[in-house]
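Counting from 1, position 236 in the sequence shown corresponds to residue 239 in the working numbering; the numbering is continuous, with no gaps.
Idealized CB from N, CA, C, for every residue including glycine.
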Amino acid sequence: MHAPAIPQKTLGFLDEVAAFSQQKLEGSTRNREPFPHLYLPKLLPKAFFEELCRLYPTSECMESMPARRTGNPYAHKYRRLLNLNDETLSALTPEQSRFWAFFLQFAERIGPSMLAALPKPSADHKYLTIPEHGLKTRVDLWADHGGYQISPHTDAPHKLATFLLYCSPNPELAREGTSIFVPRSTDLRCWSGKQWPLDEFHEVFRAHYGANCLFGFRKTDRSFHGKYPVAISTLERRTIAITVQVKEGYVA
4 MHAPAIPQKT
14 LGFLDEVAAF
24 SQQKLEGSTR
34 NREPFPHLYL
44 PKLLPKAFFE
54 ELCRLYPTSE
64 CMESMPARRT
74 GNPYAHKYRR
84 LLNLNDETLS
94 ALTPEQSRFW
104 AFFLQFAERI
114 GPSMLAALPK
124 PSADHKYLTI
134 PEHGLKTRVD
144 LWADHGGYQI
154 SPHTDAPHKL
164 ATFLLYCSPN
174 PELAREGTSI
184 FVPRSTDLRC
194 WSGKQWPLDE
204 FHEVFRAHYG
214 ANCLFGFRKT
224 DRSFHGKYPV
234 AISTLERRTI
244 AITVQVKEGY
254 VA
């Protein structure tokens, strides 16, 4: 069973939302060090983001984090995930299915612009070259609870870049964004995505977790990032993860 097609009249709205977000990306705060990253408040138009929050699937509609995705035990215990694809979209309510099919098209449209907004990595970093063609975007909806955390890591080698759109509006979550880390051993590099002990790193930046705020970064062998334990166990932390990958090595 396939997700519903986007009506032709809606495609003009897709252009509007994409143009709005592209303009915001052009004005985003971006940095090259310690690895390319950006932070952007208000990625989406206000009314569109409010609809997104209203139609965000409950964690009961999601699955536990698959073991093939990560070896992080905190993700298996405290994170629920919904990967947007034909099968998962068709299992939602008709209204949700239409909206998230639209969002998936939006993410596929905006993915290359998000990637282009990141500075080029420094010459001493290892990273994948962006191909002229053959990019593929994966979109996951997350719901984190309790003691979710992940120690410093650089992300899986098949990723070009990752973008996290924070969706929970509660101001008590402000300190629950993603952190950037620098290793205490300045020559430490990692391409595999291995998770490292927290005490071997300094935290140099923490993204403000605000509704409709975007944090994104380029995968390199120095792109150490992670997440401290969720301090408020009663609040659900909703995040959309958009990863841009090379199509040939795409991992769903």
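Item, Value
"Could you give the distance in angstroms between the alpha-carbon of ARG241 and the alpha-carbon of ARG192?", "30 Å"
"In terms of alpha-carbon separation, which member of ASP224, PRO122, MET117 lies closest to ALA21?", "MET117"
"What are the boundary residues of the beta strand (DSSP E) that GLY229 is part of?", "228–230"
"Cα-Cα, which of ILE153, TYR212, ARG178, GLN26 is closest to GLY229?", "ILE153"
"Would DSSP call THR246 helix, strand or coil?", "strand"
"Going by the DSSP bridge assignment, what does PRO200 pair with across the sheet?", "DSSP, once it has assigned bridges, lists no residue as partnering PRO200."
"Whole-angstrom Cβ separation of CYS216 and TYR253, contact assumed at under 8 Å?", "Not really, about 27 Å apart at Cβ, beyond 8 Å."
"Need the endpoints of the beta strand (DSSP E) that PRO155 sits in, please.", "153–156"
"So the candidates are GLU66, LYS222, HIS148; which of them puts its Cα closest to the Cα of ILE183?", "LYS222"
"Where does GLY109 sit, in a helix, a strand or coil, going by DSSP?", "It is worth fixing the name first, because residue 109 is Phe in this sequence and not Gly. Helix, per DSSP."
"On the DSSP letters alone, give me the boundaries of the alpha helix (DSSP H) that ALA78 sits inside.", "76–81"
"Go to PHE52, then tell me how far its beta strand (DSSP E) extends in each direction, as first and last residue.", "First-last for PHE52: 49–57, but that is the alpha helix (DSSP H), not the beta strand (DSSP E)."
"Hey, would you say LEU43 sits closer than 9 Å to LYS27, going by beta carbons?", "yes"
"Under a Cβ-count criterion, where at least 16 other Cβ atoms within 10 Å of its own Cβ denotes burial, should LYS197 be classed as buried or exposed?", "exposed"
"Would you please state the rounded distance, in angstroms, between the beta carbons of VAL204 and PHE227? I believe it to be under 8 Å.", "The question names Val, but residue 204 in the sequence shown is Phe. Rounded, the Cβ-Cβ distance is 6 Å, consistent with contact."
"Let me know the secondary structure DSSP gives SER31 once reduced to three states.", "coil"
"Quick one: Cα of ARG141 to Cα of PRO76, how far?", "22 Å"
"Pick helix, strand or coil for PHE166, following the three-state DSSP scheme.", "strand"
"Relative to the alpha-carbon of GLU239, which residue among ASP158, THR91, SER62 has its alpha-carbon at the smallest distance?", "SER62"
"Quick check: the segment 158–166 against the segment 103–122, are at least 3 beta-carbon pairs closer than 8 Å?", "yes"
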